[in-house]
Structures are given as structure tokens and as C-alpha cells.
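Engineer: Heads up: the sequence shown begins at 1 in UniProt numbering, then just goes up one per residue.
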Amino acid sequence: MADAVADFFWKRLAEWGVKTIFGYPGDGINGLLGALQRNDLPFEFIQVRHEEMAAFMATAYAKFTGEVGVCLATSGPGATHLLTGMYDAYSDHVPLLAIAGQQARNVNGAHYQQELDLTSVYKDVSAYVQQAASPAAVRHIVDRAMRIAKAERKVAAIILPNDLQDVPYEAPIRKHGNTFSGVGWTAPKIVPFEADLKRAADVLNAGEKVAILVGAGALHATDEVIAVANKLQAGVAKALLGKAAVPDDLPFVTGTIGLLGSKPSSNMMAECDTLLMIGSGFPWAEFLPEEGQARGVQIDLAPEMLSLRYPMEVPLQGESAETLRALLPLLEQKPEGGSWRAGIESGVASWWKEAEDRAMAKANPVNPQRVTWELSPRMPDRVIVTSDSGSCANWYARDLKMRCGQMCSLSGGLASMGAAVPYAIAAKVAHPDRPVIALVGDGAMQMNNMAELITVSKYMHRWPNKTWICCVFNNEDLNQVTWEQRVMEGNPKFEASQTIPNVPYHQFAEMIGLRGIFVDDPARMGTAWDEALASPVPVVLEVKTDPEVPPLPPFFTFEQVKNYMSMLGKGDPKERHLLVDTARQVLSSVLPGSKS
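1) Report the three-state DSSP secondary structure of Asp530 (helix, strand or coil).
2) According to DSSP, simplified to helix, strand and coil, what is Lys401?
3) Taking the CB atoms as reference points, tell me whether Gly85 and Thr59 lie closer together than 8 Å.
4) Is the distance from the Cβ of His50 to the Cβ of Asn448 below 8 Å?
5) Quickly, what does DSSP pair Met277 with across the bridge? List them, please.
6) Exposed or buried, what is Ser320 when buried is set at 16 or more other beta-carbons lying within 10 Å of its beta-carbon?
7) How is the beta strand (DSSP E) around Thr386 delimited, first residue to last?
8) Excluding sequence positions up to five away, which residues of its chain have a Cβ less than 8 Å from the Cβ of Asp381?
9) Within 10 angstroms of the Cβ of Ala419, are there 16 or more other Cβ atoms? Answer buried if so, exposed if not.
10) For Gly23, which option in Glu44, Pro95 and Thr545 has the closest C-alpha, if you only look at C-alpha atoms?
11) Is the beta carbon of Ala62 less than 8 Å from the beta carbon of Val94?
12) Between the beta-carbon of Ala427 and the beta-carbon of Ile384, is there less than 8 Å?
13) For the beta strand (DSSP E) that contains Gly235, what are its first and last residues?
14) Buried or exposed, going by whether 16 or more other CB atoms sit within 10 Å of the CB of Gln37?
15) Would you check if the region 342–361 and the region 263–275 touch, i.e. whether three or more CB-CB distances between them fall below 8 Å?
16) With a CB to CB cut of under 7 Å and the five nearest residues on each side skipped, what residues in its chain are close to Lys123?
17) Check whether the Cβ atoms of Tyr169 and Val5 sit closer than 8 Å, and answer yes or no.
18) Ile21 lies in the beta strand (DSSP E); which residues open and close that run?
19) Which of helix, strand or coil does DSSP assign to Leu204?
20) Quick check: the Cα distance between Phe56 and Gly337, rounded to an integer number of angstroms?
21) Helix, strand or coil for Ala415? Go by DSSP, reduced to three states.
22) Once you ignore the five residues that flank His506 on each side, which residues in its own chain have a CB closer than 7 Å to its CB?
23) Please work out which residues of its chain come closer than 6 Å, Cβ to Cβ, to Ser391, disregarding the five sequence neighbours upstream and downstream, and give them in chain order.
24) Within the same chain, show all residues whose beta-carbon is closer than 6 Å to that of Lys595, passing over the 5 residues directly before and after it, in chain order.
25) Would you kindly work out how many angstroms separate the C-alpha atoms of Thr372 and Ala393, rounded to a whole number?
26) Kindly indicate which three-state DSSP category Phe518 falls into: helix, strand or coil?
27) Just to check my reading of the structure: Asp27 and Thr74 have Cβ atoms closer than 8 Å, yes? What is that Cβ distance to the nearest angstrom?
28) Going by DSSP, which residues form a beta bridge with Trp463?
29) Taking DSSP as the reference, what is the three-state secondary structure of Phe128?
30) If I follow the unbroken alpha helix (DSSP H) through Ile148, where does it start and stop?
31) Among Asp546, Asp273 and Leu13, which one has its Cα closest to the Cα of residue 597?
32) Please report the distance separating the alpha-carbon of Leu33 from that of Ala2.
33) Locate the beta strand (DSSP E) running through Ala156, then write down its first and last residues.
34) Which two residues bound the contiguous beta strand (DSSP E) that contains Glu542?
35) For Gly69, which three-state DSSP category applies?
36) For a test of the three-state rule: what should DSSP assign to Ser350, helix, strand or coil?
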């Protein structure tokens with residue numbers, strides 16, 4: 001029996017090294033599923049609860065492996081459900097292949113059931129999108145999609161009409177109007193010219209107060225970043241996607257930067273005379289040096305990201321580790337023990353003490369910062385941590401001290417709710433021998449993450465290491481937005497939009513074969529983490545956290561203080577509680593006479 005188009009399709013993807021597919025079935029891809037079933041190919045198919053989660057998982061799989069993530073969905077609504085996860089990959093420069101079904105070719109354009117113009121739907125998010133029209137075209141469509149996804153670290157999309165999937169595959173023939181594509185791509189060595197490296201070195205050597213900012217593009221350049229930082233006697237701040245790029249136990253690592261960042265990171269950027277940015281598209285330019293304050297050098301593999309957030313004197317296109325290795329011999333060793341590095345290290349030490357004080361401050365009932373503060377020293381050596389967007393991302397960013405060998409990520413550029421649990425599932429699929437922890441707000445749990453706990457229950461028997469923990473911050477509030485309304489808009493909490501139902505997440509976990517742990521006593525927080533990390537089955541750790549502990553920037557602007565104080569007279573339902581908790585956490589640094 002001759003191969004059908006669907007048979008050829010999967011065999012071609014296997015040649016490209018694809019091993020894992022995240023997806024959900026439907027009649028638009030029945031031919032593909034049949035071929036997947038009957039062929040002995042090295043694929044693991046992970047059945048999700050919702051197609052959006054398939055795309056999130058594929059994105060995270062790519063982040064944690066460096067390979068192309070692959071997601072699969074049926075036509076119509078299944079195909080459109082993939083979009084949010086596809087945009088997550090697009091925003092974070094992650095290689096992703098989305099495969100979608102389509103209605104039969106004969107009815108395309110007939111307003112048929114579940115027929116959508118998917119080429120147009122996917123056009124904005126995809127660097128390459130193509131709907132196959134003939135068997136011979138499938139070969140080059142697969143090859144181009146995979147090569148573009150891998151080489152450009154972008155999203156590619158393939159749309160296969162359901163009738164085409166089952167017809168016999170026909171290879172292209174040697175005549176006009178055909179093309180013969182091939183499999184394979186190897187990453188090149190991308191390093192700037194020597195003259196440009198010398199220009200960059202001249203700028204960095206001239207600097208007396210050098211600040212380094214690293215992002216996801218520096219995740220594989222840890223040793224090189226540390227070597228450059230030591231030679232320049234620089235401090236190192238981290239964009240959120242670069243949190244694992246350098247370990248936090250180094251005294252000159254100032255932690256994350258920006259709205260979710262640390263005081264020493266902000267101070268360093270405000271005082272530096274030279275900025276070296278490595279593999280980062282950090283979006284908030286107000287947290288970088290003022291224009292004209294510092295000379296700038298930037299290294300990025302993507303030329304479109306160069307000199308985008310700060311006007312760089314020397315923008316260098318190159319792979320981070322290779323470029324830093326080439327740059328390092330050109331850098332002059334700055335004297336150790338200087339006031340710049342000493343000031344950074346003093347600020348870092350003070351910040352960690354302040355972070356501990358904030359985490360241990362009283363709250364009602366559990367201070368959310370204490371959740372991550374107690375986790376930090378307990379994190380296993382090879383742990384993978386994922387975080388959702390929202391207020392829990394603040395505590396993930398500020399309170400977790402990452403060590404060498406650990407990994408972490410979240411939805412960065414898109415900052416989508418609902419990514420933490422699918423990210424954590426993908427992490428376990430990619431590395432079943434590593435412990436995985438997801439930090440999730442109750443809003444994201446109710447939005448879509450509770451359902452994916454069923455996916456954990458379905459696949460946990462495959463994992464040799466059973467440590468998989470979903471920590472839920474249950475505060476019955478869409479907390480990040482509540483605080484944004486208060487501080488940015490000067491409005492009190494709008495309960496109709498912000499208050500969400502109280503759900504017993506730990507009990508739901510028990511219902512589906514996981515372990516549930518509930519904490520509403522701060523003194524039990526450390527013990528609860530110990531229990532969860534020792535559990536022989538995956539755990540949902542539900543913590544009743546205080547929504548009035550403010551997830552705010554490292555510094556208040558005058559405008560933010562004014563908005564906040566004006567809000568207090570507008571009838572916020574938690575006004576009295578707010579005054580006490582905010583004084584403990586933040587206002588002591590900006591209001592004279594306040595006490596924490």
C-alpha cells in the first residue's frame with residue numbers, strides 16, 4: 001500500500017528530529033492521527049485538555065530543549081485556539097511549528113462548516129505559513145517550515161486540508177513547476193567582525209561604571225557573562241527571561257530589573273556610565289539609563305532587536321557565548337575592589353535582607369512573598385521552575401535565588417495568564433528526570449490551568465522523577481490588575497471585575513489522583529514545601545495568601561504615590577488593611593516617618 005500524504009508528513013518530520021507533539025484530536029486531522037497511529041515513528045503524542053495549552057506546551061518544550069516545539073490541532077476552532085500559545089512563541093523568539101487541519105479543498109471558499117481562512121489567521125504570528133494544495137507540495141512545505149522555525153527561531157504554520165491527508169503521496173517530478181527540497185540545518189557560528197569587536201571593547205574599557213543586562217539570549221553563556229563581568233568589574237542585572245542566565249549567589253548579580261525587579265538593579269542602571277546588553281529585548285526603557293547617560297554595547301542574534309530599547313554606540317549581531325568569547329581577550333582587567341563593584345555588592349546584600357524582611361512581615365493570613373522565599377533555599381539542584389503572569393510573577397522574579405544548573409521560564413513578551421501549568425507539563429515531558437515547580441495565581445487556575453492538572457494525572461506514570469508541584473496563590477483576587485488600578489489609575493478595587501470565587505484547588509487535586517496540601521498558617525510554609533518536594537506523586541500546594549501585599553515596582557514615582565493616596569479616599573473595600581500592609585512593605589521607603 002502506497003504511503004498517504006499523512007504518512008509522508010510524519011516521516012518527514014521524524015527526519016527533521018521531531019520527537020514530541022502536543023495536541024488535541026478532531027475530524028480535521030483524522031488522516032494525520034491515523035498515520036501517526038499506524039507508523040512506527042519515534043513520536044510521543046501528548047494529549048492536552050485544550051488546544052491553547054498544546055501551543056503553550058510546545059513553546060515551553062522549545063525553551064527547555066532548544067528544539068522546535070510542535071503543536072497539532074483540528075480545523076476551525078481547534079486551529080484558532082492555538083493562537084495565544086503561538087503568539088507566546090513569537091513574542092519570546094522561540095521556534096515553533098503549528099500544524100492545523102482544514103476542510104476539504106473542494107469546499108474551501110464555500111463558507112463551509114469549520115472552514116476558516118487559516119493562512120490569513122496565522123499570517124501575523126508566523127514567519128512562514130502555507131496551506132498545502134497537492135501531495136507533491138507537502139515535501140517542501142514541511143522542509144521550509146522546519147528550517148525557518150529552527151534557523152530564525154520563529155513560528156511556522158502548516159495547514160493540511162482533511163481530504164489531502166488521505167490521498168496517496170506523490171513525490172515532485174523532474175519538470176518545470178516542481179522543486180526538490182531537503183532535510184537538515186546546522187546552526188552557523190555568528191560572530192561580529194574583529195573591527196566591530198574592537199570598537200565594542202574600546203567603549204567597555206573606557207567605562208568606569210559598567211552595568212550588564214542579560215536576557216534569554218544569554219542562557220547558554222553563563223560562564224562567558226561571569227568572565228566579562230569580572231574583567232569589567234561590572235554588576236549584572238537580569239531581564240525576566242534571563243533569570244537563570246547567571247546565578248543569584250554571586251554578590252554582583254543584582255537580580256531582575258523593571259517593574260518586577262530589584263532596587264540594586266534600578267540603582268545600577270541609574271548610576272552606570274556604560275551599558276552592555278546581552279541577548280535581551282527587555283521592554284521597559286524607563287528602567288534603563290537615561291538617553292545620553294551611558295555609552296552602549298549590545299549583543300543579539302536577532303538584528304531587529306539591536307539598538308531598540310537604548311541607542312547603542314556599538315550594536316553587534318552575534319551569538320552571545322561566541323561573541324563574548326571573542327570579545328573577552330580585547331577587554332582590559334579593571335582593578336578589583338573598586339568603589340563601583342563594592343557599591344553594587346553592598347546594595348545586593350542590603351536588598352536580599354530587605355526582601356527577607358518583606359517576606360517575613362505579617363500578613364492575612366500568609367504573605368505571598370514568604371511562599372517563594374521559603375521555596376528558594378529548598379529548590380532541588382536541577383529544578384525547573386515556571387511562573388504565571390500576575391502578582392505571583394513578582395515573587396518569582398524577586399524572591400527566588402537561582403543556582404547554576406537550574407532552569408526557569410514564563411510567558412515573557414506576551415505575559416499571558418495561563419502558561420505556568422502547561423509550561424511545567426512540557427518541562428516534565430522534556431526532562432522527566434528533573435523536578436518541576438509551577439507558581440500559579442488563582443485567576444490562571446480558574447481560567448485554564450485546573451483542567452491541565454488532569455493531563456498531569458494522565459501522564460505522571462511516565463515520569464521517573466515524580467516531583468511535580470503546582471503552587472497556587474489563592475487570594476480570591478485578580479491581584480496584579482487590582483494593584484495596577486490602584487497605583488496607575490488611582491482607582492479603588494473594582495470588586496465586580498476583580499474578586500473571583502474561592503475554589504479548593506488542593507481538594508480537586510485529590511479527586512484526580514494527585515496530592516493536595518493546604519496552607520493558611522505562615523509558620524507551616526516551609527514544612528509544606530518539604531512535604532511537597534518529598535511527595536511520591538505530583539502535588540497541588542494551595543496557599544491562602546494576602547491580596548493586600550502590594551506587588552509594586554522597586555521604586556514609587558511621585559505620580560504613583562499621588563494616585564495611591566488619592567485612591568485611599570475613594571472607598572476601597574480593603575482601605576484600612578491596605579494602609580497597614582503597604583506601610584509594612586513599601587511606603588516606609590518613600591513617606592517620611594513611616595515604620596514597617
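Note that beta-carbon positions come from the ideal geometry of N, C-alpha and C, so glycine has one too.
Structural biologist: Quick look at the numbers:
1) Looking at Asp530 - three-state DSSP - the assignment turns out to be helix.
2) Of the three classes helix, strand and coil, the one that applies to Lys401 here is coil, per DSSP.
3) When the beta-carbon positions are compared, Gly85 and Thr59 come within less than 8 Å of each other.
4) Yes, the pair counts as a contact, with Cβ atoms nearer than the cut-off.
5) Per DSSP, Leu213 and Gln298.
6) By the 10 Å Cβ count, Ser320 comes out buried.
7) From DSSP, the beta strand (DSSP E) with Thr386 extends over Ile384 to Ser387.
8) Correct list, in chain order: Arg403, Gly405 and Gln406.
9) By the 10 Å Cβ count, Ala419 comes out buried.
10) Nearest in C-alpha terms to Gly23, of all of Glu44, Pro95 and Thr545, is Glu44.
11) Taking C-beta atoms as the reference points, Ala62 and Val94 count as a pair closer than 8 Å.
12) Yes, Cβ-Cβ distance for Ala427 and Ile384 is below 8 Å.
13) First-last of the beta strand (DSSP E) with Gly235: Gly235 to Lys238.
14) So Gln37 counts as exposed.
15) They touch, by the three-pair rule.
16) Counting only Cβ-Cβ distances below 7 Å, and skipping sequence neighbours, we find Val129.
17) With contacts defined as CB atoms closer than 8 Å, Tyr169 and Val5 qualify as a contacting pair.
18) Its beta strand (DSSP E) spans residues Thr20 to Gly23.
19) The three-state reading of DSSP puts Leu204 in helix, counting H, G and I together.
20) Rounded to the nearest angstrom, the gap between the Cα atoms of Phe56 and Gly337 is 45 Å.
21) Coil.
22) The residues are Gly516, Ile517, Phe518, Val540 and Glu542.
23) Cβ neighbours of Ser391 beyond the five flanking positions: Asn479, Gln480 and Pro551.
24) Bear in mind that the predicted position of Lys595 carries a pLDDT of just 36, short of 50, making it too unreliable to give a figure here.
25) Roughly 10 Å between the two C-alpha positions.
26) DSSP places Phe518 in strand when its eight states are reduced to three.
27) Contact annotation, Asp27 with Thr74: C-beta distance approximately 7 Å; criterion of less than 8 Å satisfied.
28) Paired residues: none, contrary to the question.
29) The question names Phe, but residue 128 in the sequence shown is Tyr. In this structure, DSSP gives Tyr128 an extended state, which the three-state scheme calls strand.
30) It spans Pro135 to Glu152 - the alpha helix (DSSP H) in which Ile148 sits, taken as one unbroken run.
31) Outside the shown range of the chain, which is 1 to 596, sits residue 597, and nothing can be said about it.
32) Distance between the alpha carbons of Leu33 and Ala2 is about 17 Å.
33) Judged by DSSP secondary structure, Ala156 falls within the beta strand (DSSP E) whose first and last residues are Val155 to Pro161.
34) Looking at the DSSP string, the run of the beta strand (DSSP E) that includes Glu542 is Val539 to Lys544.
35) Collapsing the DSSP output to three states places Gly69 in a strand.
36) In the structure shown, the three-state DSSP call for Ser350 is helix.
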